[in-house]
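Asks:
Residue numbers (my numbering), protein chains in the order written: chain Y, 37 to 247; chain H, 37 to 247.
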């Protein structure tokens, strides 16, 4: 299995966490979407021009949550899906809230549009970034207070945790004050102190050249 | 089962299509997020303040794809998940591309931020809307040319179709020229001519007062 990844991409980081948790080995291909040449060549692999993508004997799959569901089917143990249907729905709702309502507003191509096409200042762009993280994290913190244990939903690791950790990394990178989100911070530490997680973090990637 | 829905919300429309396809009856609660009072009261049901939400005996679940996965577990027949793992991954990647990379950039709260906080003109807001639909639909059309049959992935209806149809409705509403997307248009018609679909469309909702 080949993984097209970029160390700072939170969507790639989700898939790296899932692969690490399940102990699946892969061949990494490092794609830096800021370099135009890599960007253009990469569209032959993924027409959307976004990371991550996985390539297997059967073909290519893109979109982090589609890849993670596929990995779950191929390698069901250890699982990232909760057995109880309602708890799994709670986990998936947290995962989707992050992937659909926080991350897409703050990825590279959107920030490029804000500064390029709309001519926004760095200050306005930064305010945009912080606004959407807080819009997502405020209700998420409330939600997690009710359903979390050691991890997002009770004491079992799930797809929700796999999505939360990269978003916290990204928020920290952009200097978002997370002091009002003690539950989010606690869960983040619970996951990052797991042995298996260390190979998935951005700092451990071979393309982490400009941290 | 109660569904909190708004006729024009594409995320609500996805869930209505899944409910209709599976023949699950529900009690609708109509939420108009443009009305501040309804918006505030609704946060007691869904802290994120977004539709759709479902409420069952077990509690509330939000985020359209989390709800649809939950419905799939509770009512597996007829299924929206494809049996072949790779085909299911293709369907989910299309669903996620729409839900994560097209829709979130163009929903009400984002358009409000563009005109309110950033003071963008209607023309700039419209250009933003069209830009992100085309950014998603161009590669999606290419993808679908390769994998579609009658529906998005071969001839079996899947979660991909459930997500595509509302996005086409939304694009039409904002006057996006879809003439360069013949595959997307063909699949849209294939789904909308199914008998079960008619009760899910925006025009058939009791809150469709201002079409």
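Note that beta-carbon positions come from the ideal geometry of N, C-alpha and C, so glycine has one too.
When you compare the stretch 58 to 67 of chain Y with the stretch 105 to 123 of chain Y, are there three or more beta-carbon pairs, one atom per stretch, that lie closer than 8 Å?
Replies: Yes, since at least three Cβ pairs between the stretch 58 to 67 of chain Y and the stretch 105 to 123 of chain Y fall closer than 8 Å, the two stretches touch.
Asks: Identify, in the order they occur along the chain, each residue of the same chain with its Cβ nearer than 6 Å to the Cβ of residue 206 of chain Y, setting aside the five sequence neighbours on each side.
Replies: Around residue 206 of chain Y: 46.
Asks: Could you pull out every residue in the same chain whose Cβ sits closer than 6 Å to the Cβ of residue 131 of chain H, ignoring the five residues on either side in sequence?
Replies: Within the same chain, residue 131 of chain H has close Cβ partners 195, 196 and 199.
Asks: At a Cβ threshold of 7 Å, is residue 242 of chain Y touching chain H?
Replies: It does not; no Cβ of chain H falls within 7 Å.
Asks: Can residue 40 of chain Y and residue 88 of chain Y be called in contact, C-beta distance under 7 Å?
Replies: Contact flag set, yes.
Asks: Beta carbons nearer than 8 Å to chain Y: which residues of the stretch 96 to 112 of chain H have them?
Replies: Going along the stretch 96 to 112 of chain H in chain order, one finds 97, 98, 99, 100, 101, 102, 103, 105, 106, 109 and 110 with a Cβ nearer than 8 Å to chain Y.
Asks: Can you tell which of Y/240, Y/186, Y/245 and Y/136 has its C-alpha closest to the C-alpha of residue 223 of chain Y?
Replies: Cα-wise, what sits closest to residue 223 of chain Y is Y/186.
Asks: According to the Cβ coordinates, are residue 257 of chain Y and residue 43 of chain Y closer than 7 Å?
Replies: Past the boundaries of the shown model lies residue 257 of chain Y; chain Y is included only from 37 to 247, so the question cannot be answered.
Asks: With three or more beta-carbon pairs closer than 8 Å as the criterion, would you say the stretch 158 to 175 of chain H touches the stretch 158 to 175 of chain Y?
Replies: No: fewer than three Cβ pairs fall under 8 Å.
Asks: Report the neighbours of residue 141 of chain Y on chain H: residues whose CB is nearer than 8 Å to its CB, in chain order.
Replies: In chain order: 140, 141 and 146.
Asks: Tell me where the beta strand (DSSP E) around residue 91 of chain H begins and ends.
Replies: It spans 89 to 92 - the beta strand (DSSP E) in which residue 91 of chain H sits, taken as one unbroken run.
Asks: Contact between the stretch 225 to 240 of chain H and the stretch 147 to 156 of chain H is defined here as three or more beta-carbon pairs at a separation below 8 Å; is this criterion met?
Replies: No, they do not touch.
Asks: In three-state terms, what does DSSP make of residue 38 of chain H?
Replies: Looking at residue 38 of chain H - three-state DSSP - the assignment turns out to be strand.
Asks: Taking the alpha carbon of residue 70 of chain H as the reference point, which residue from H/96, H/102 and H/145 has its own alpha carbon closest?
Replies: Among H/96, H/102 and H/145, the Cα nearest to that of residue 70 of chain H is on H/145.
Asks: Throw me the rounded Cβ distance for the residue 84 of chain Y and residue 133 of chain H pair, which I believe falls under 8 Å.
Replies: About 6 Å separates the two Cβ atoms, so the contact holds.
Asks: Using only alpha-carbon positions, find the residue among Y/79, Y/120, Y/66 and Y/142 that is nearest to residue 167 of chain Y.
Replies: Residue Y/142 is the option with its Cα nearest to residue 167 of chain Y.
Asks: For residue 202 of chain H, which option in H/121, H/112 and H/100 has the closest C-alpha, if you only look at C-alpha atoms?
Replies: Selected option, being the one with the closest Cα: H/100.
Asks: Can you tell me whether residue 129 of chain H is buried or exposed? The criterion is at least 16 other CB atoms within 10 Å of its CB, across all chains shown.
Replies: Buried, by the Cβ-count rule.
Asks: Could you name the residues of the same chain whose beta carbon sits closer than 7 Å to that of residue 184 of chain Y, not counting the 5 residues immediately before and after it, in chain order?
Replies: The answer, listed in chain order, is 219 and 223.
Asks: Looking at the structure shown, is residue 43 of chain Y part of a helix, part of a strand, or coil, going by DSSP?
Replies: The answer is coil: DSSP assigns residue 43 of chain Y none of H, G, I, E or B.
Asks: Just to make sure I have the definition right: I need the residues of chain H whose C-beta is within less than 7 Å of the C-beta of residue 129 of chain Y. Which are they?
Replies: Result: 97, 98, 99 and 102.
Asks: So residue 43 of chain Y contacts chain H; which residues on that side make the cut at Cβ distance below 8 Å?
Replies: Simply none; closest approach about 20 Å.
Asks: Check the Cβ-Cβ distances between residue 202 of chain Y and every residue of chain B, and say whether any is below 7 Å.
Replies: The structure shown contains no chain B; its protein chains are Y and H.
Asks: Kindly indicate which three-state DSSP category residue 140 of chain H falls into: helix, strand or coil?
Replies: In this structure, residue 140 of chain H counts as helix in the three-state DSSP scheme.
Asks: With 7 Å as the threshold, decide whether the Cβ of residue 192 of chain Y is near any Cβ in chain H.
Replies: Closer than 7 Å: no.
Asks: In chain Y, what lies closer than 8 Å to residue 178 of chain H by C-beta?
Replies: What residue 178 of chain H touches in chain Y: 83.
Asks: Taking the beta strand (DSSP E) that residue 65 of chain Y belongs to, which residues open and close that run?
Replies: From DSSP, the beta strand (DSSP E) with residue 65 of chain Y extends over 63 to 66.
Asks: List the endpoints of the continuous beta strand (DSSP E) containing residue 97 of chain H.
Replies: 95 to 98 is the extent of the beta strand (DSSP E) around residue 97 of chain H.
Asks: Which class does residue 85 of chain Y belong to by DSSP, given the choice of helix, strand or coil?
Replies: Coil, per DSSP.
Asks: Should residue 121 of chain H be flagged as near chain Y, meaning a C-beta pair shorter than 7 Å?
Replies: So, interface residue.
Asks: Could you give the DSSP three-state label for residue 253 of chain H: helix, strand or coil?
Replies: Nothing about residue 253 of chain H can be reported from this structure: the residues present for chain H run from 37 to 247 only.
Asks: What residues of chain H sit near residue 94 of chain Y, judged by a beta carbon separation below 8 Å?
Replies: What residue 94 of chain Y touches in chain H: 122.
Asks: When the cut-off is 7 Å and only beta carbons count, does residue 207 of chain H lie next to chain Y?
Replies: No, residue 207 of chain H does not count as interfacial toward chain Y.
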